[in-house]
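Structure first, commentary second.
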Amino acid sequence: MEIICIAWLAGVALIQWAPALPDPLAWAGLVLGGGVGLIYAMLAPPGRGRRPALVLAALLLGGAYTAWRAELRLADALPLALEGQEVEVSGVVASLPQSLEKGVRFVFEVEPDTTPASIPVPRRLLLAWYRGWQEDEWYGNPQVHAGERWRFTLRLRRPHGSVNPDGFDFEAWLLEQDLRATGQVRPGKAQRLEVLAPGLGYRIEHWREVIRQRFLEALPDKPYAGVLIALAVGDQRAIPPAQWQMFATTGIAHLVAISGMHITLLAALLGRLVHGLWARFPALVLRWPARQAAVLAGALGAWAYCLLAGWGIPAQRTLYMLAVGALALLLRRELAAGPVLALALGVVLLIDPWAVLAPGFWLSFGAVACLFWALGGRLGAEAGWRAGLRTQWVVTLGLLPAMLILFQQFSLVSPLANALAVPLISFLVTPLALAYALLPLQMLADLAHGLLAWGMVPVEWLARWPGAQWQQARPPLALVLLALPGCLWLLLPRGTPARWLGGLLLVPLVGWTPPRPAPGSARVTLLDVGQGLAVHVATAGHDLVYDAGPAFSAEANSGERILLPYLRAQGVRQLDEFIITHPDQDHAGGAESVFLGLPVARVRASLPASHPVRLMAGAAYQPCAAGQRWVWDGVGFEVLSPRGAVEEGDERKTNAWSCVLRIDAAGQRLLLTADMEAPTEAELVAADPAALAADVVVVPHHGSRTSSTPPFIAATGARWALFPVGYRNRFYHPHPKVWAAWGAAGAERLRTDQGGALRIHMESDGLRVEPWRTVEKRYWRD
2 MEIICIAWLA
12 GVALIQWAPA
22 LPDPLAWAGL
32 VLGGGVGLIY
42 AMLAPPGRGR
52 RPALVLAALL
62 LGGAYTAWRA
72 ELRLADALPL
82 ALEGQEVEVS
92 GVVASLPQSL
102 EKGVRFVFEV
112 EPDTTPASIP
122 VPRRLLLAWY
132 RGWQEDEWYG
142 NPQVHAGERW
152 RFTLRLRRPH
162 GSVNPDGFDF
172 EAWLLEQDLR
182 ATGQVRPGKA
192 QRLEVLAPGL
202 GYRIEHWREV
212 IRQRFLEALP
222 DKPYAGVLIA
232 LAVGDQRAIP
242 PAQWQMFATT
252 GIAHLVAISG
262 MHITLLAALL
272 GRLVHGLWAR
282 FPALVLRWPA
292 RQAAVLAGAL
302 GAWAYCLLAG
312 WGIPAQRTLY
322 MLAVGALALL
332 LRRELAAGPV
342 LALALGVVLL
352 IDPWAVLAPG
362 FWLSFGAVAC
372 LFWALGGRLG
382 AEAGWRAGLR
392 TQWVVTLGLL
402 PAMLILFQQF
412 SLVSPLANAL
422 AVPLISFLVT
432 PLALAYALLP
442 LQMLADLAHG
452 LLAWGMVPVE
462 WLARWPGAQW
472 QQARPPLALV
482 LLALPGCLWL
492 LLPRGTPARW
502 LGGLLLVPLV
512 GWTPPRPAPG
522 SARVTLLDVG
532 QGLAVHVATA
542 GHDLVYDAGP
552 AFSAEANSGE
562 RILLPYLRAQ
572 GVRQLDEFII
582 THPDQDHAGG
592 AESVFLGLPV
602 ARVRASLPAS
612 HPVRLMAGAA
622 YQPCAAGQRW
632 VWDGVGFEVL
642 SPRGAVEEGD
652 ERKTNAWSCV
662 LRIDAAGQRL
672 LLTADMEAPT
682 EAELVAADPA
692 ALAADVVVVP
702 HHGSRTSSTP
712 PFIAATGARW
722 ALFPVGYRNR
732 FYHPHPKVWA
742 AWGAAGAERL
752 RTDQGGALRI
762 HMESDGLRVE
772 PWRTVEKRYW
782 RD
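Residue numbers for the sequence shown follow my numbering, beginning at 2 and rising by one.
Have a look at this one:
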């Protein structure tokens with residue numbers, strides 16, 4: 002059973018990570034091959050290759066099934082002709098509304114019966130509804146609740162997200178959630194049709210929102226109210242970023258989610274309660290054994306909790322395992338732990354073949370598999386606290402390879418932090434949070450929060466320990482696969498000969514560092530940060546960041562969301578140079594997060610004296626001015642503009658402050674131009690046009706018509722013109738005339754909104770520019 006389910010998993014994963022879906026002929030081949038293997042396994046005599054045939058059939062049929070499901074989901078697409086157009090649709094708010102800085106975001110399920118057939122919009126949409134000024138009219142905070150039926154006028158767009166090396170794939174997440182378009186509600190054109198639409202799913206979402214609001218009202222301004230909401234209804238959005246960082250550093254983030262432990266505990270408590278009550282009535286016991294009634298009650302309670310918690314993958318895994326175990330007990334059959342886990346795996350992938358794209362899938366099933374492997378039948382022989390520490394050690398070590406490839410970090414204090422937090426959260430806080438969700442007594446909320454706040458004190462202390470977390474570059478898959486047998490060997494029972502040898506297989510994994518450019522060469526990555534600019538320059542031994550992208554809101558920016566994760570995955574431990582070209586938010590919006598997230602040796606910038614980053618940099622700050630030069634590892638850098646450092650009270654547009662940088666590596670040149678405009682271009686051309694000659698140019702001001710004058714384009718003589726622009730940005734960058742002008746000059750043009758991050762290799766054997774959407778093709782990307 003186990004090997005067959007693993008083969009099914011392999012078939013699903015191979016399709017989900019494929020650059021393209023199989024064509025009809027290849028798909029038919031998968032079905033035919035899987036069918037032949039299945040028929041042979043059913044008809045062949047025992048011992049005549051039946052198991053290999055079943056494994057092959059599971060592999061091929063798993064791939065065919067996933068490809069079929071993917072084709073169906075991709076077919077539910079927004080037509081290109083409707084992108085950006087206003088359409089009127091009716092439907093139901095199908096998720097908990099999430100607060101944004103200036104509005105709310107929610108999932109909206111379109112009702113085809115009430116939407117004209119001439120408007121073929123996808124069935125499920127991710128919508129944002131903002132407040133603010135629109136066409137000289139103020140629109141206030143929208144009041145929208147789960148389960149309500151609305152008629153909206155929407156402006157929609159197809160799924161699109163930033164694509165960067167080792168970055169979060171928003172398009173994959175949308176596909177996994179079956180959200181086939183995103184959009185905005187047009188203000189003043191919305192009508193509530195029904196307060197609560199019929200349907201169990203909508204009612205559950207309505208109850209979840211009621212419970213969330215109950216917690217917010219009972220615990221206003223309490224630091225851990227968001228954690229209690231997450232434990233009760235699975236909504237984690239109210240947890241502040243600082244707490245998430247603490248949970249990640251100490252390795253207890255899984256406790257904040259609705260973990261299998263919480264669901265199992267609830268099922269056990271309900272089962273024990275029903276067993277005790279049932280056994281008191283002889284008539285009931287004679288009709289049905291108390292043990293079986295308890296098992297059924299526990300399974301039903303777990304199912305109800307999973308629905309209330311949002312139906313996450315860890316919850317599904319636990320529910321299916323409990324259901325299989327309950328069914329076995331009801332049928333008076335005995336099942337080993339391995340087949341139960343394998344069946345749960347198969348059911349999850351049958352229902353949701355996109356689950357393999359979620360880190361929670363691998364961590365949830367991996368943690369349980371490690372526990373079964375290492376502790377089966379032996380944990381009960383140890384004392385309670387020793388068993389708890391050993392359990393946490395097993396999970397930490399067993400998931401180490403997965404943590405490094407998924408998050409490039411793991412917690413060194415996780416066993417101790419979990420030993421402290423698991424009993425508190427699982428056995429006290431979670432039951433109290435659920436009790437308050439069902440019975441709104443203020444004392445229950447206060448007690449749950451007080452216990453949690455008290456228990457987090459030692460966890461916060463562990464998070465502040467300097468060596469609490471191991472961070473490194475993202476390792477290649479080959480080293481992860483090599484380390485897995487080492488982890489399994491280390492987790493074998495005490496007394497196993499040479500168990501320490503398993504640790505040798507972990508050394509390449511934890512000691513791996515990514516290759517750097519050769520001396521004299523450079524690798525430049527123009528990151529996809531939307532409508533903004535962020536560039537990473539790597540030489541043989543140095544790292545430079547040029548701008549940090551935009552701020553998305555008061556709570557989020559591209560420095561935190563995109564740049565820092567990318568740099569850590571690349572193995573960058575400190576920045577030798579951080580250039581902030583000018584204070585505009587699309588260039589400096591993420592600068593504070595980068596400065597706080599990594600050590601920075603020097604900040605070179607054109608910033609006013611009161612700018613937060615300039616104040617944070619202190620003595621490390623240096624004004625950006627033309628004529629500054631330095632050489633790293635045989636790679637030359639020169640600042641071409643501004644002419645003289647920016648002084649306080651400078652009345653020029655901030656775009657004129659832009660720090661223009663030229664990079665010379667391996668006989669090639671690259672020009673980084675930030676937001677300089679026509680006057681600055683004219684100054685540079687008049688001063689020394691030869692200094693502007695470059696093989697690659699990051700086009701000034703995102704391709705605005707206020708830049709890229711003909712003399713400047715001619716002076717560069719660029720072979721490549723790169724446009725850092727956001728998808729369907731409101732400025733309509735790049736301007737069609739600018740786009741055409743660079744093409745007429747003979748430059749090959751690339752855009753980050755179409756190609757994702759653009760990586761430039763300046764090497765002795767030539768110049769290469771790679772769009773990341775081409776390097777990492779996925780079937781769901783246009």
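Ideal Cβ placement from N, Cα and C applies to all residues, glycine included.
Keep in mind that this is a model prediction, so the values were computed, not measured.
- Inclusion of L433 and A418 in the CB contact set at 8 Å is not warranted, their separation being larger than that value.
- If you draw a straight line from the Cα of L127 to the Cα of T183, it comes to about 5 Å.
- The DSSP-derived three-state label of I240 is coil.
- Shown here, E777 sits in coil according to DSSP, grouped into three states, outside any helix or strand.
- As for any alpha helix (DSSP H) of minimum length 4 sitting wholly inside the segment 667 to 715, the runs are 679 to 688, ordered along the chain.
- Within the same chain, Cβ atoms closer than 7 Å to the Cβ of V395 are found at C371, L372, A375, L376 and L492, the five residues on either side in sequence being excluded.
- W781 has its alpha-carbon roughly 44 Å from the corresponding atom of G272.
- In the three-state scheme derived from DSSP, where H, G and I count as helix and E and B as strand, H762 is classed as strand.
- Shortest Cα-Cα distance from A327 to any of D447, T674, Q293 and F579 involves Q293.
- Your pair R152 and L197 does not check out as a contact, with CB atoms roughly 16 Å apart and the cut at 8 Å.
- With a contact defined as Cβ atoms closer than 8 Å, V93 and E112 qualify at about 7 Å.
- According to the DSSP assignment, G85 belongs to no alpha helix (DSSP H), since it is labelled neither H nor E.
- Assigned with DSSP and collapsed to three states, S91 falls in strand.
- If you keep only unbroken beta strand (DSSP E) runs of at least 3 residues inside the segment 566 to 631, you get 578 to 581, 604 to 606 and 622 to 624.
- Approximately 10 Å separates the beta-carbon atoms of I314 and G261; this is outside 8 Å, ruling out the contact.
- Remark: C-beta atoms of L270 and L453 do not approach each other more closely than 8 Å.
- Buried is the label assigned to P160, since at least 16 other Cβ atoms lie within 10 Å of its Cβ.
- Annotation: the continuous beta strand (DSSP E) that includes A539 extends over A535 to A539.
- Judged by DSSP secondary structure, P772 falls within the beta strand (DSSP E) whose first and last residues are G767 to P772.
- In the displayed model, A173 falls within a helix according to three-state DSSP.
- Per DSSP, reduced to three states, the secondary structure at W151 is strand.
- As summarised for the segment 493 to 563, the continuous alpha helix (DSSP H) elements at least 4 residues long and confined to that stretch are 508 to 511, given in chain order.
- Assigned with DSSP and collapsed to three states, D447 falls in helix.
- In this structure, the straight-line span from the alpha carbon of P476 to that of H207 is close to 43 Å.
- Inter-segment contact for the segment 303 to 314 and the segment 335 to 342 is absent: fewer than three beta-carbon pairs are separated by less than 8 Å.
- Residue V700 holds the alpha-carbon nearest to the alpha-carbon of A679 among A695, A666, A667 and V700.
- The Cβ atoms of A226 and L217 lie closer than 8 Å to each other.
- The straight-line gap separating the alpha-carbon atoms of M43 and F411 is approximately 45 Å.
- Within its own chain, the residues whose Cβ lies closer than 7 Å to the Cβ of S96, once the five positions on either side in sequence are excluded, are F107, V108, A147 and E206, listed in chain order.
- When the alpha-carbon of T775 is set against those of D754, A243 and G767, the nearest one is in D754.
- Ranking L176, Y131 and G235 by CA distance to the CA of A191 puts Y131 first.
- The alpha-carbon separation between F713 and L62 amounts to approximately 58 Å.
- In this structure, the CA atom of R569 is about 47 Å from the CA atom of A298.
- Contact annotation: A68 and I16 have beta-carbon atoms nearer than 8 Å.
- Secondary-structure assignment with DSSP links R720 through no beta bridge to anything.
- In its chain, beyond the 5 residues on either side, F248 have a beta carbon closer than 6 Å to the beta carbon of A254.
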